[in-house]
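*Asks:* Below is one structure. I have some questions about it.
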Amino acid sequence: MKVEALTQVQILRIHAASLAILERVGVEVPHEEILNRFSDTGAKVDHATKRVRIPPALVEKLVAGAGKTFTLAGRDATRLAEFGRGKRNYNATAGEAYWIDEPGKPRRWCSLQDVATAARFGDALPNITIPGAMSDPHELPVAARCVEVAATMLRNTTKPVYFWFHDRASARFLVEIAVAVRGTAKEAAKAPPFMPFFEPISPLRFPFNGIDLLFETARAGLPVPVGPMAQMGLSAPATRAGTMALENAEVLAGICITQLIKPGLPVCHSGICHAFDMATTQMIFGGPEQAVFGVAMTQMGKSYGLPVYINVGLTDSKRPDAQAGLEAGITLAYGAAAGADIFGHMGISGVDQASSLDLLAFQDEVISYVEGALRHLDVSDDALGLDAIAEVGPGGSFIDTDHTAEHFRRETWFPKFLDRQFYEAWIEGGAKSTEERCRARTREILEKHRPEPVPASLDRELTRIVDAAKKELDR
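Numbering-wise, the sequence shown is residues 42 to 516 according to my numbering.
The following block contains the structure:
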């Protein structure tokens, strides 16, 4: 099953528009070293305004040279997230300022304990490939915050992890953590436990710290997703085509920066643009525009041969209700069928309103449903079941045949908490809503799941690195 939103002609037109933006308008790059490297490679650089205009040939050369496959691995080296290899991966959000303990109740500031809880929860969810911190701990000084977040996550999940990087100084300690997890720098470069997310600021600007920290992470070979969040009608033109052209230009410029830092560094084309709601002045997470953006930006990224990250499977709802199911289900189904490599950020209540474990549990069920729909269709002789059909004959039943016993578990999708009961059984069970069953699933995971303990030697090393980061950075 393959879904497309753009024809080949439309892909080429958006690509050409992106190149024209980079050549005629350019991007703002507040980093002298990168400005010099752009200048040395033939770009037109205005050092006074920090503006770089990049010739099309240079863009295409640098993008063509980027690494196009990579793998992340958790502290359990068999827990993989593979990119550029035809696999689908799902991540929870890297972090929000607020946390919701129960939908509909007041929000509170996130804490480091929430990071531990989020990692443990993501560890339990079978369809979340990369647990996210889901929290930006309010009580920790920002300078070493990401270092302590990374260590806390790795203590609470065996999967790869996702969190916000801060700056070059703290990234040095994160590289130490990656090496500690893998054992050697060489092994850490082959399968790091995390990666920095490089986010241009739409329209057409780059943050200094976002660029600067890449010098540290690139030295260790960490791959880089490049993902601006252009908003249609606010930070991008009020048309889908114009928004995608701008978004794509920003992604391409970001990839150019990564390649000027380290040629061949693996990257991910992260086309995570969104529509903007003029009625509420809110970005839109789950509208039909997002389904189109997800498919079209997947096509754009794949046209360069790159792995692709898209924002689908999200919802504008603040709770796991019918709206959440509609928005998350439809946008994720379109994006997954388009062939992207990773989908996120799961677990957000509404549009960056807070983090919610209930919504993450709900989205895990949505992911499972979509994966069930996209599962490979077996048409082997055994699957066609001609012998079983002949055995049962006209008017018979297949319920008690060996063929059914052998196949039904892998041919049928079974939900964790969606309802399929007879009406009376549903009534006798309390006539619970989807949200109530989701809430019960969340409580069950929190009460019962315990991740594999971190080895004592790694635990000591994580403590040493965090303490060193705090001593040096939190001044």
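Each residue gets a CB set at the ideal place from its N, CA and C atoms; glycine is no exception. Remember, predicted model here, so these are calculated numbers, not experimental data.
Let me know the secondary structure DSSP gives Gly173 once reduced to three states.
*Replies:* If DSSP states are grouped into helix, strand and coil, Gly173 belongs with the strands.
*Asks:* Can you tell me the Cα-Cα spacing of Thr280 and Gly274, whole angstroms?
*Replies:* 7 Å
*Asks:* By DSSP, does Cys309 sit in helix, in strand, or in coil?
*Replies:* strand
*Asks:* In angstroms with no decimal places, state the Cα-to-Cα distance between Gly380 and Val156.
*Replies:* 30 Å
*Asks:* Contact defined as beta carbons within less than 8 Å: I believe Asn352 pairs with Ile55. What is the distance between those atoms, to the nearest angstrom?
*Replies:* Contact doesn't hold; Cβ gap of about 18 Å is too wide.
*Asks:* For Asp419, count neighbouring Cβ atoms within 10 angstroms of its own Cβ and tell me buried if that reaches 16, exposed if not.
*Replies:* exposed
*Asks:* Drop a sphere of 10 angstroms on the beta-carbon of Val104, count the other beta-carbons inside from all chains shown, and report buried for 16 or more, exposed for fewer.
*Replies:* The Cβ neighbour count for Val104, taken over all protein chains shown within 10 Å, is at least 16; the residue is labelled buried.
*Asks:* Work out the CA separation of Asp460 and Leu53 for me, nearest whole Å.
*Replies:* 45 Å
*Asks:* Report back the beta-carbon spacing between Gly528 and Gln404 to the nearest angstrom; my notes put them in contact at under 8 Å.
*Replies:* An answer regarding residue 528 cannot be provided, because it is not within the stretch 42 to 516 covered by the chain.
*Asks:* Please go through the same chain and pick out, in chain order, the residues whose beta-carbon is closer than 8 Å to the beta-carbon of Leu306, but skip the five residues on each side of it.
*Replies:* Ala107, Gly108, Ala259, Gly262, Pro264, Val265, Thr299 and Gln300
*Asks:* Tell me the DSSP secondary structure of Thr179 in three-state form.
*Replies:* Before going further, note that residue 179 is His rather than Thr in the sequence given. Looking at His179 - three-state DSSP - the assignment turns out to be coil, as it is neither helix nor strand.
*Asks:* With a threshold of 16 other CB atoms inside 10 Å of the CB of Glu432, please say whether the residue is buried or exposed.
*Replies:* The C-beta of Glu432 has fewer than 16 other C-beta atoms within 10 Å across all chains shown, which makes the residue exposed.
*Asks:* So which of Val267, Phe256, Met175 and Ala226 has the shortest CA-CA distance to Ala212?
*Replies:* Phe256
*Asks:* Pull the bridge partners of Ile440 from the DSSP assignment, please.
*Replies:* Bridge partners of Ile440: none, in fact.
*Asks:* Using C-beta distances below 7 Å, list every residue in its chain close to Ala429, excluding the 5 sequence neighbours before and after it, in chain order.
*Replies:* Excluding five sequence positions before and after Ala429, the CB atoms of its chain that fall closer than 7 Å to its own CB belong to Phe439, Thr442 and His444, given in chain order.
*Asks:* List the residues that DSSP assigns as beta-bridge partners of Phe317.
*Replies:* Met324
*Asks:* Which parts of the stretch 212 to 249 are runs of the beta strand (DSSP E), unbroken and 3 residues or longer, counting only runs that do not cross its ends?
*Replies:* none
*Asks:* Can you tell me which residues form a DSSP beta bridge with Ser397?
*Replies:* Ile141
*Asks:* Please go through the stretch 76 to 114 and give each complete alpha helix (DSSP H) segment of 4 or more residues, from N-terminal end onward.
*Replies:* 97 to 106
*Asks:* Using CA coordinates, which residue listed in Arg246, Pro248, Trp205 and Ala191 is at the minimum distance from Val220?
*Replies:* Ala191
*Asks:* Tell me which residue opens and which closes the alpha helix (DSSP H) that Ala481 is part of.
*Replies:* Thr475 to Lys489
*Asks:* What residue range does the alpha helix (DSSP H) around Tyr375 cover?
*Replies:* Ala363 to Ala379
*Asks:* Do you know offhand how far Met319's Cα is from Ala466's?
*Replies:* 45 Å
*Asks:* Which residue from Gly436, Gly426 and Val392 puts its Cα closest to that of Phe449?
*Replies:* Scanning Gly436, Gly426 and Val392 for the CA closest to the CA of Phe449 turns up Gly426.
*Asks:* Could you tell me how far apart the beta carbons of Phe124 and Cys309 are, in whole angstroms, since I believe they sit closer than 8 Å?
*Replies:* 6 Å
*Asks:* Check each candidate in Ile141, Pro144 and Thr199 and name the one with the smallest Cα separation from Arg538.
*Replies:* Since the first residue of the chain shown is 42 and the last is 516, residue 538 is not available in this structure.
*Asks:* DSSP on Gly268, reduced to helix/strand/coil?
*Replies:* coil
*Asks:* Smallest Cα separation from Arg161: which of Met194, Glu406, Pro182 and Asp500?
*Replies:* Met194
*Asks:* Ala150 bridges to which residues according to DSSP?
*Replies:* The sequence shown places Trp at residue 150, not Ala. DSSP output for Trp150 lists Tyr139 as bridge partner(s).
*Asks:* Helix, strand or coil: which one does DSSP assign to Glu493?
*Replies:* coil
*Asks:* Quick one: Cα of Arg501 to Cα of Val222, how far?
*Replies:* 12 Å
*Asks:* Using CA atoms only, rank isn't needed, just tell me which of Pro494, Ala374, Ser498 and Ala210 is closest to Val44.
*Replies:* Ala374
*Asks:* Can you give me the C-alpha to C-alpha distance between Val188 and Asp422, rounded to a whole angstrom?
*Replies:* 54 Å
*Asks:* Give me the Cα-Cα distance between Arg246 and Gly163, rounded to the nearest whole angstrom.
*Replies:* In a straight line, the C-alpha of Arg246 is about 33 Å away from that of Gly163.
*Asks:* Of all the options Leu153, Glu291 and Pro71, which has the alpha carbon lying nearest to the alpha carbon of Val100?
*Replies:* For Val100, the nearest C-alpha among the options comes from Glu291.
*Asks:* Which residues does DSSP pair with Leu520 in a beta bridge?
*Replies:* With the chain represented from 42 up to 516, any question about residue 520 goes unanswered, as that position is not in the structure.
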